[in-house]
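K.L.:
In our numbering, the protein residues as written are 1045 to 1377.
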């Protein structure tokens, strides 16, 4: 098993190979900004960079030596992770977190092969924290490599971008994702599981695909009942808010997106945004404005996931909006 193929993510093969070549040529960037599509496998690449720097064997990033094993376990003394503090309600990386890390990064490495600092996720840094990291990025000591991972590079200051080499990681196509997941664990439920995980292939792998399919089907049935005015919102909202809320929101968003894609003005197949197999003929249909409005509301609810706002109330508000949209589109009931 070679260094460049050890992480079995075929859609990232070129990225692994390019980093390996750069390390062999002594051109591994000291500031690396990895822009990943959600679920692309950015953490695997971050770990690989740390192996390239800290591995004691040839070829680099062997995956078997003591240094690589300690990188994998997060116990290598020359690998520093800068992450949101557990007590941070907003899941932010504060200026004090970065200052403390930078104070360590000016010191020589413990094992003499270099040091790696990883910021996860980089967009969690406050503006002050990003500015605090800037000086270290501008003048990194010899052997220091700083890796920033984010799916939202626009949230980072331009000064951070200018000090880093940028590497963009694409997500696997649907076909690639299904093929890879099936190779890991054969199942007919992977298409539905991917839908529940918003296409995040690694998230899907962490779940039972049949349970994800059931969650998707249950969510879609409930939404169909909501637009028909038959959903018990109060009994539905509380358990949804307390169990896999993020996955529920993925399923709701996919249900709405499917309605949009069926619009003939977008090349779809139906003039009415019906609920497919879960909504019988004659049931309520949502118009385009209502569908986009509900999508906006889903994204508002998603933005509250990392806050202390009452998630049950947020879910009640969302489901009542489905009920109201259905009533407005079919006032006769």
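The C-beta atom is built at its ideal place from N, Cα and C for all residues, glycine as well.
Take the Cβ of residue 1320 as the centre, count every other Cβ of all protein chains shown within 10 Å, and call the residue buried at 16 or more, exposed below.
P.N.:
Residue placement at residue 1320 is poorly supported in this model, since its pLDDT is 38, which falls under 50; the coordinates still yield a value, given next. Under the 10 Å beta carbon count, residue 1320 is surrounded by fewer than 16 other beta carbons and is classified as exposed.
K.L.:
DSSP beta-bridge partners for residue 1209?
P.N.:
In DSSP, residue 1209 forms a bridge with 1076.
K.L.:
With residue 1341 and residue 1303 assumed to form a contact (beta carbons below 8 Å), what rounded beta-carbon distance in angstroms separates them?
P.N.:
That pair is no contact at about 14 Å.
K.L.:
Could you name the residues of the same chain whose beta carbon sits closer than 8 Å to that of residue 1270, not counting the 5 residues immediately before and after it, in chain order?
P.N.:
1277, 1363, 1366, 1367 and 1370
K.L.:
Below 8 Å, how does it come out for the segment 1272-1290 and the segment 1342-1361: are there three or more Cβ pairs, yes or no?
P.N.:
Judged by Cβ distances under 8 Å, the segment 1272-1290 makes contact with the segment 1342-1361, as three or more pairs qualify.
K.L.:
Is it true that the segment 1095-1110 meets the segment 1060-1070, where meeting means three or more beta-carbon pairs spaced less than 8 Å apart?
P.N.:
yes
K.L.:
If you reduce the DSSP assignment to three classes, tell me which class residue 1117 lands in.
P.N.:
helix
K.L.:
DSSP on residue 1194, reduced to helix/strand/coil?
P.N.:
strand
K.L.:
Need the endpoints of the beta strand (DSSP E) that residue 1161 sits in, please.
P.N.:
1159-1163
K.L.:
Could you check how far apart the C-beta atoms of residue 1078 and residue 1200 are, in whole angstroms? I think they sit under 8 Å.
P.N.:
With a Cβ gap of about 12 Å, residue 1078 and residue 1200 do not count as contacting.
K.L.:
If you run the structure through DSSP and keep just helix, strand and coil, what is residue 1053?
P.N.:
coil
K.L.:
What residue range is occupied by the uninterrupted alpha helix (DSSP H) comprising residue 1378?
P.N.:
It is not possible to answer for residue 1378, since the shown part of the chain is limited to 1045 through 1377.
K.L.:
For residue 1133, count neighbouring C-beta atoms within 10 Å of its own C-beta (all shown protein chains included) and say buried if the count is 16 or more, exposed if not.
P.N.:
exposed
K.L.:
Taking a contact to mean a Cβ-Cβ separation below 9 Å, would you say residue 1213 touches residue 1084 in this structure?
P.N.:
Yes, the Cβ-Cβ distance between residue 1213 and residue 1084 is below 9 Å.
K.L.:
Quick one: using the 10 Å Cβ neighbour count with 16 as the cut-off for buried, is residue 1196 buried or exposed?
P.N.:
Flag for residue 1196 reads exposed.
K.L.:
Do you know how far the Cα of residue 1174 is from the Cα of residue 1222?
P.N.:
37 Å
K.L.:
Taking the alpha-carbon positions, what's the residue 1121 to residue 1301 distance?
P.N.:
46 Å
K.L.:
Just the Cα atoms here: how many angstroms apart are residue 1265 and residue 1343?
P.N.:
Rounded to the nearest whole angstrom, the C-alpha separation of residue 1265 and residue 1343 is 20 Å.
K.L.:
Going by DSSP, what residue range makes up the alpha helix (DSSP H) through residue 1278?
P.N.:
Run containing residue 1278: 1277-1286, per the alpha helix (DSSP H) assignment.
K.L.:
Just confirm the distance between the C-beta atoms of residue 1335 and residue 1296, as a whole number of angstroms; I'd bet it's less than 8 Å.
P.N.:
11 Å between Cβ atoms; not a contact.
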